[in-house]
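Accompanying notes for the structure given below.
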Amino acid sequence: MDRIQVISIGVALLFFVQVLWVVRRQRFRERQAFVWLMLAASAVVTAAVIPLLNQAAARLGIAYMPALIFMLAFYVVMSLLMLHAAQSSREEERLKVLTQELGLLRKELEDVKSQLATGQAACSNEDTEEPSWH
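With full-length UniProt numbering, letter number 100 in the sequence shown gets 100, and the count goes up by one each step, no holes.
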């Protein structure tokens, strides 16, 4: 193992420990925790197989192996961004529906309150009127 591989493994393990700490403190939901744990594990594996990545880059015709890693990392980051955008869109739609339902429930509550107030006023008027014996 050369020096860069040892440093890469150390940084990847540090990242993995950080993800475990955040997951343990329950800062992520289950799905997000799984995604981040897989990313951290893949970082450790990637750091451990740097010589194989050099060979893969050479076979693909990529002269500079870090370019391959950056290309793959860019793809992963864009995929995560797309995932979060889709989740945000779903949550936005859900929030819109819940807001509309809240508005309808408030209107219904106001209608019930006004009916009760009108009904109580009618009851009060009936009590104050003198009975007719005709």
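All C-beta atoms, glycine included, are put in the ideal place defined by N, C-alpha and C. Keep in mind the model is a prediction, meaning the values are calculated, not measured.
Between the CA atoms of Asp-111 and Phe-15 - distance to the nearest angstrom
Phe-15 and Asp-111: Cα-Cα distance of roughly 56 angstroms.
Distance check for Thr-99 and Leu-53, CA to CA, integer angstroms please.
Computed Cα separation, rounded: 51 angstroms.
Does the beta-carbon of Ala-117 have 16 or more other beta-carbons within 10 angstroms, so that it is buried, or is it exposed?
With fewer than 16 Cβ atoms within 10 Å of its Cβ, Ala-117 is classed as exposed.
Leaving out the 5 sequence neighbours to the left and right, which residues in its chain are closer than 6 angstroms to Val-76 when beta-carbon positions are compared?
Result list for Val-76: empty, nothing under 6 angstroms.
CA-CA distance, Leu-60 and Ala-67?
Taking the straight line from one Cα to the other gives about 12 angstroms.
Assigned exposure category for Val-17 - 16 Cβ within 10 Å defines buried
Val-17 is exposed by the Cβ-count criterion.
Over the uninterrupted alpha helix (DSSP H) stretch that includes Gln-26, give me the two end residues.
Neither: Gln-26 is in no alpha helix (DSSP H) and is coded neither H nor E.
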